[in-house]
Structure formats: structure tokens, C-alpha cells
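Going line by line, the protein sequences match chains A and B.
Under the numbering used here, the very last position in the first sequence is 145; numbers go up by exactly one each time.
Under the numbering used here, the very last position in the second sequence is 173; numbers go up by exactly one each time.
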Amino acid sequence: MFLLGCDFMQNKTMQDRPKFLNLMILGPKMAVNAKVSILHRVSGVLMVLTIPFLLYVLKKSLVSQSFYDTLYGVISNPIIKLVYLFFIWVFVYHICAGVRFLLLDLHKGIEIKTAQTTARIVIVLSLILTAILGVLIW
Amino acid sequence: MVRRNITGAGYGFNSWIGQRITAVIMLVVIVVFLLFVAYLATNVNSSIASWQAVFKCSFVKIFVQLFFVALFYHAWVGMRDLWMDYITCNSLKLTMHIITILWLLANLIYSIKIIWA
């Protein structure tokens with residue numbers, strides 16, 4: 008839906024259906040808003056795959072004696088910390104981009120220039136928020 | 057070529073709007089959760105016991121469970137859209153749909169087990 012664009016709903020006949028764009032060929036030539044869209048999907052898939060881990064942390068937090076036991080038993084290793092940080096970015100990014108898509112659905116900021124600006128804002132904001140959270144957990 | 061009208065029947069509209077509604081629900085729960093964690097982190101007297109005490113409340117359990125139900129519906133629509141967009145082979149698409157449903161259902165059962173344990 009995101010990739011095909013909003014004009015899909017306005018097309019009336021089979022001939023007017025949206026053009027098929029091959030992402031593999033398009034690749035690096037994608038505009039920034041297309042990159043935000045595809046990263047939104049990739050981050051979504053990564054989070055679906057990590058749901059059991061999230062549930063496991065929730066479970067541990069409900070039986071542990073301290074927060075230290077819950078998180079730092081796993082987190083103390085620097086490489087694990089980087090993995091955590093990556094998933095924090097995935098989560099923060101998905102929310103930032105998701106809010107942008109919700110606003111687009113409400114027809115806020117659908118002009119191409121505005122949409123490209125907000126796409127850049129989403130990437131920068133998600134990195135800043137991740138950096139802040141990274142400093143907090145380190 | 058048959059000039060068939062492809063809009064107007066609302067195909068997929070329910071799941072589309074459902075995905076947006078669940079997104080907003082999860083956003084609200086996440087904001088509340090982060091505020092609560094920030095409160096725990098800044099309050100010197102708080103410990104994991106405060107978190108566990110809050111989680112004993114059925115009201116909280118129901119909201120957390122609702123969050124996960126919203127998450128699984130949201131994830132289902134998202135994953136289904138992916139398979140529909142990128143997989144052209146029908147048998148593979150069906151297989152991925154089934155794997156996704158099983159994965160999400162298994163996680164739903166796990167979430168029920170943990171929340172209501």
C-alpha cells in the first residue's frame with residue numbers, strides 16, 4: 008500500500024492500475040521517502056521475529072529480584088549491548104516512520120517536498136532518540 | 057479486456073483501517089509505559105517490586121494483553137501485505153501466510169501464558 012501510493016484508491020479501471028516497480032532494480036536510486044517506506048517494512052519484520060525475546064524479558068522482569076537480574080545478565084557484554092542498541096533503533100525508527108505514515112494517511116504533508124523533508128526528519132530523529140536511549144542504557 | 061471496477065467494494069479496507077487503529081492503540085500504551093519506566097527510574101524508593109506490584113493488577117494485565125493482541129493483528133496485516141506485494145508464486149505465498157499465522161498465534165499463546173501466569 009505504501010509503495011504503490013495513495014492514488015491507488017482513486018483508480019477506477021484495470022488499465023489505470025499503478026505501475027509495477029521492481030525494487031531490486033530500483034535499489035539505490037530510490038528517493039528518500041521510498042527508503043523510509045522500505046525500512047519501515049524491514050524494521051517491522053525484524054520486530055515480528057523478536058517478539059518471543061520481548062516476551063521472555065517481560066517474563067523475567069516479573070520473577071526477578073532486581074532489574075539488574077532482568078537485563079544486565081544478558082546486557083553486560085558490549086556486543087550484546089550493540090545488538091540491543093540496534094533493536095532500539097529498529098523500534099524507535101518504526102514508531103517515527105509509523106507516525107509519519109499516519110499523518111500521510113490523514114493527508115498531512117503529502118506534497119512531495121514536504122514528504123521528502125519529513126522522511127529525512129524521521130531518519131535523523133530516530134537516530135537521535137536511539138543515541139539518547141543508548142547513553143541511558145550503557 | 058474487461059473493464060472491471062476494482063474499487064468501491066472496500067476490499068482490504070477493514071484490515072487497512074485496523075492496522076492504523078492498532079498502531080494508535082500501541083502508541084498510546086508505549087507512551088504510558090515509557091512514562092511509567094521514567095517514573096520508576098527517577099524515583100529512588102522504587103524497585104522491581106513496584107513494577108511487579110503494578111503488574112499484579114488485573115486492569116494492567118488486561119491492558120498489556122490488549123497491547124499484544126493489537127500487536128499481533130498489526131503484524132499480521134503488515135506481514136500479509138509484504139507477502140502479497142513481493143511473492144508472486146501462489147504456493148509460496150500460501151506457505152508464508154500459514155507460517156506467519158502459526159508464528160503469531162504461538163506468540164499470542166506465549167503472551168497469554170506469561171501475562172496470566
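Beta carbons: idealized from backbone N, C-alpha and C, even for Gly.
All values reported here derive from a predicted model rather than from experimental measurement.
(1) Give the DSSP-derived three-state secondary structure of B:Y95 in the structure shown.
(2) Taking 8 Å as the CB-CB cut-off, is B:F175 touching chain A?
(3) Where does A:Y91 fall in DSSP's three states?
(4) Just to confirm before moving on: does the CB-CB distance between B:V116 and B:V110 stay below 8 Å?
(5) For A:R127, which of A:K88, A:G141, A:R107, A:A138 has the nearest alpha-carbon?
(6) Please confirm if the region 86-100 of chain A is in contact with the region 119-133 of chain A, defined as three or more CB-CB distances below 8 Å between the two stretches.
(7) Could you check the C-alpha separation between B:R136 and A:R48 for me, to the nearest Å?
(8) What residues of chain B sit near A:K66, judged by a beta carbon separation below 7 Å?
(9) By the criterion of Cβ-Cβ separation under 8 Å, what are the contact partners of A:I102 in chain B?
(10) Could you work out which residues of chain A lie near B:M135, taking near to mean beta carbons separated by less than 9 Å?
(11) Taking C-beta to C-beta, are A:S68 and B:W107 nearer than 8 Å?
(12) With burial defined as no fewer than 16 other Cβ atoms inside 10 Å of the residue's Cβ, what is the status of B:F123: buried or exposed?
(13) Report yes or no: is there a C-beta of chain A within less than 8 Å of the C-beta of B:S167?
(14) Which residues mark the beginning and the end of the alpha helix (DSSP H) in which A:T42 is found?
(15) For B:A131, count neighbouring Cβ atoms within 10 angstroms of its own Cβ and tell me buried if that reaches 16, exposed if not.
(16) Interface residues of chain A around B:A79 at Cβ under 8 Å?
(17) Could you tell me the alpha carbon to alpha carbon distance between A:I119 and A:L109, rounded to whole angstroms?
(18) DSSP state of B:T144, grouped into three classes?
(19) Can you tell me which of the three DSSP states B:W132 falls into?
(20) Output the boundary residues of the alpha helix (DSSP H) element that contains A:S133.
(21) Hey, does A:P59 have any beta-carbon neighbour from chain B nearer than 8 Å?
(22) Does the beta carbon of B:Q108 come closer than 8 Å to any beta carbon on chain A?
(23) Grouping DSSP H, G and I as helix and E and B as strand, with all else coil, what is A:G105?
(24) Quick check on A:T125: buried or exposed, where buried means 16 or more other Cβ atoms within 10 Å of its Cβ?
(25) Going by Cα to Cα distance, which pick from B:L160, B:V93, B:T144 is closest to B:V133?
The structure says:
(1) Taking the second sequence and counting its residues from 1, the one referred to as residue 95 of chain B is at position 39. B:Y95: helix per DSSP, three-state reduction.
(2) Residue 175 of chain B is absent from the structure shown; chain B starts at 57 and stops at 173.
(3) Sequence index remark: in the first sequence, residue 91 of chain A carries index 84 (1-based). Three-state result, A:Y91: helix.
(4) Here residue 116 of chain B refers to the residue found at position 60 of the second sequence. Here residue 110 of chain B refers to the residue found at position 54 of the second sequence. Yes, these two residues count as a Cβ contact at 8 Å.
(5) By 1-based counting over the first sequence, the position of residue 127 of chain A is 120. Closest by alpha carbon: A:R107.
(6) Short answer: they touch.
(7) Taking the first residue of the second sequence as position 1, residue 136 of chain B is located at position 80. Taking the first residue of the first sequence as position 1, residue 48 of chain A is located at position 41. So the alpha carbons of these two residues sit roughly 11 Å apart.
(8) Residue mapping note: residue 66 of chain A aligns to position 59 of the first sequence, counting from 1. The contacting residues are I170.
(9) Here residue 102 of chain A is taken as the residue at index 95 of the first sequence, counted from 1. At a beta-carbon threshold of 8 Å, the residues of chain B lying near A:I102 are L83, I86, ordered along the chain.
(10) As a first step, residue 135 of chain B is located in the second sequence; it is residue number 79 there, counting from the start. Chain A residues near B:M135: G51, V52, V55.
(11) By one-based count along the first sequence, residue 68 of chain A stands at place 61. By one-based count along the second sequence, residue 107 of chain B stands at place 51. Going by C-beta atoms, A:S68 is nearer than 8 Å to B:W107.
(12) Start at 1 with the first residue of the second sequence, and residue 123 of chain B comes out as number 67. It is buried - the Cβ of B:F123 has at least 16 other Cβ atoms within 10 Å.
(13) Walking along the second sequence from the start, residue 167 of chain B turns up at place 111. For B:S167, the nearest beta carbon of chain A is closer than 8 Å to its own beta carbon.
(14) Taking the first residue of the first sequence as position 1, residue 42 of chain A is located at position 35. The displayed chain sequence assigns Lys, not Thr, to residue 42 of chain A. Segment 39-56, the alpha helix (DSSP H) holding A:K42.
(15) Residue 131 of chain B sits at position 75 when you count from the first residue of the second sequence. B:A131 should be labelled buried.
(16) The sequence position of residue 79 of chain B within the second sequence is 23, counting from 1. Within 8 Å Cβ-Cβ: G105, L109.
(17) Looking up residue 119 of chain A in the first sequence gives position 112. Looking up residue 109 of chain A in the first sequence gives position 102. Using only the alpha carbons, I get a separation of about 16 Å.
(18) The residue you call residue 144 of chain B lines up with position 88 of the second sequence. Coil at B:T144, not helix or strand.
(19) Position 76 of the second sequence, counted from the start, is the residue given in the question as residue 132 of chain B. Assigned with DSSP and collapsed to three states, B:W132 falls in helix.
(20) One-based indexing of the first sequence puts residue 133 of chain A at position 126. Per DSSP, A:S133 belongs to the alpha helix (DSSP H) from 119-144.
(21) Position 52 of the first sequence, counting from 1, holds the residue named residue 59 of chain A. By this cut-off, A:P59 is an interface position.
(22) Locating residue 108 of chain B in the second sequence gives position 52, counting from the first residue. At least one chain A Cβ lies under 8 Å of B:Q108.
(23) The residue labelled residue 105 of chain A in the question sits at position 98 within the first sequence. Reduced to three states, the DSSP call for A:G105 is helix.
(24) Translated into the one-based positions of the first sequence, residue 125 of chain A becomes position 118. Buried, because 16 or more other Cβ atoms sit within 10 Å of the Cβ of A:T125.
(25) As a first step, residue 133 of chain B is located in the second sequence; it is residue number 77 there, counting from the start. Taking only the C-alpha atoms, the option nearest B:V133 is B:L160.
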